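Residue numbers (the UniProt record's numbering), protein chains in the order written: chain A, 1 to 167; chain B, 1 to 219.
Don't be surprised by glycine CBs; every beta carbon is placed ideally from N, CA and C.
Since the model is a prediction, treat every value here as computed from it, not as a measurement.
Here it is, written out as structure tokens:
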């Protein structure tokens, strides 16, 4: 879309033609006054940076922007009380809506791990990171769970390879 | 199925590792030696328990004088032997390790501990870099793993090399990625050992077992 042409130079502060982690982080808001989660920034750039250059060019940035906008829409959908944060129940609804079937205890683990604001809820940036990580782990688990019974038998090295492929 | 479908937002999946650092050489700590602290009017006022040299470095690295070191500032301060900046993943990992407040930045105490930590890793790295090339080759990596007590196949070392190495001249691993690999290896091995109680080298994991193991120990 046209506005991305206008947006890119504003985000690319050093005019290098590449948007770095730092530049993207500064351009994004998580709804609080704290900086956008750098891990989320890295995850996103890692997805769209086709050349391992540590940032995205203009073309790749259009993908990044759409990606973030899509997540904003999802976040707004599930932030039912419009608090700007997603609480445990809203997170359950969101992830169940995406097709995940997870125990109640596991939601506690997720929130403990991903909530950087320390409020027992997830802000926009942490929500994205949580979903991205969950997706990657699920994808890799599925590849090994060929009979789809929710269990895998893996050797130590298989396990290492599984996780190293996504961290 | 009983477990996850897809996230509603799909990203383009780019296989492979994190970014390579930019080409600009960062001024900063050169390999191996302890850089002389810059002259600083505050050098004598290190907080209690903080080494004056570490304090001096802290002030140099804290370019916006916020009293905290961010990932960006850390990245400007840490260099590999080929003068490339430490990559974002490793900087993030280290900030997370030494940041008690989960704010994404570290104070002078965290930074001081981080310097000691990096120094230890640099020493190890130098030890394993037998030909002193400045980076760790396939055979050096295998030796390193063996000496660290890991029993890993050459295929696995090859996998790591493919994922973490710089492209040229020959695949080898810089200090930042070496730290990243070793830290992950340690954390993952601990997690696996908890499940493989019979020490068979194999474990049966449920979907949530797997998720929990990784999420709770994610660095």
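* What residues match up with residue 203 (chain B) in a beta bridge as DSSP calls it? -> A:154
* What separation, rounded to the nearest whole angstrom, lies between the Cα atoms of residue 83 (chain B) and residue 77 (chain B)? -> Cα-Cα distance, rounded: 11 Å.
* Endpoints, alpha helix (DSSP H) assigned at residue 196 (chain B) -> Here residue 196 (chain B) belongs to no alpha helix (DSSP H), and DSSP marks it neither H nor E.
* Confirm, please, whether the CB-CB distance from residue 138 (chain B) to residue 166 (chain B) is below 8 Å. => no
* To do: Leaving out five residues on either side along the sequence, give the residues of the same chain with a beta carbon under 8 Å from the beta carbon of residue 85 (chain A).
  => 31, 79, 117, 119, 121, 122 and 123
* Cβ neighbours of residue 46 (chain B) in the same chain (closer than 6 Å, five flanking residues each side left out) -> 52 and 55
* How should residue 54 (chain A) be labelled, buried or exposed, when 16 other C-beta atoms within 10 angstroms of its C-beta is the threshold for buried? -> The residue is buried, with at least 16 neighbouring Cβ atoms inside 10 Å.
* According to the Cβ coordinates, are residue 205 (chain B) and residue 109 (chain A) closer than 8 Å? -> no
* To do: Report yes or no: is there a C-beta of chain B within less than 8 Å of the C-beta of residue 154 (chain A)?
  => yes
* To do: For chain B, find out if any of its Cβ atoms is closer than 8 Å to the Cβ of residue 151 (chain A); answer yes or no.
  => yes
* Asked: Whose Cβ in chain A lies nearer than 7 Å to the Cβ of residue 72 (chain B)?
  -> Annotation: Cβ neighbours of residue 72 (chain B) in chain A (cutoff 7 Å, chain order): 22.
* Just the chain B side, please: which residues come within less than 9 Å of residue 29 (chain A) by C-beta, in chain order? => Residues of chain B passing the Cβ test: none, with the nearest at roughly 15 Å.
* Do the region 14-26 of chain A and the region 57-70 of chain A make contact, defined as three or more Cβ pairs closer than 8 Å? -> yes
* To do: Report buried or exposed for residue 35 (chain A), applying the criterion of at least 16 other Cβ atoms within 10 angstroms of its Cβ.
  => buried
* Asked: Taking DSSP as the reference, what is the three-state secondary structure of residue 121 (chain A)?
  -> coil
* To do: Check whether the Cβ of residue 102 (chain B) lies closer than 8 Å to any Cβ atom in chain A.
  => yes
* chain B contact for residue 107 (chain A) (CB, 8 Å cutoff) -> no
* To do: Put residue 4 (chain A) into one of helix, strand or coil per three-state DSSP.
  => helix
* **Selected residue, minimal CA-CA separation from residue 188 (chain B), among B:112, B:102, B:212 and B:91** => Restricting attention to B:112, B:102, B:212 and B:91, the CA atom closest to the CA of residue 188 (chain B) is found in B:212.
* **Where residue 74 (chain B) falls, given that 16 or more other Cβ within 10 Å makes a residue buried** => Taking all protein chains shown into account, residue 74 (chain B) has 16 or more neighbouring C-beta atoms within 10 Å of its C-beta and is therefore buried.
* Check the C-beta distance from residue 163 (chain A) over to residue 214 (chain B) and give it rounded, since I have them as a contact under 8 Å. => Between residue 214 (chain B) and residue 163 (chain A) the Cβ distance is about 6 Å, and since that is below 8 Å, they are a contact.
* Measuring CB to CB, does residue 73 (chain A) end up less than 8 Å from residue 129 (chain A)? -> no
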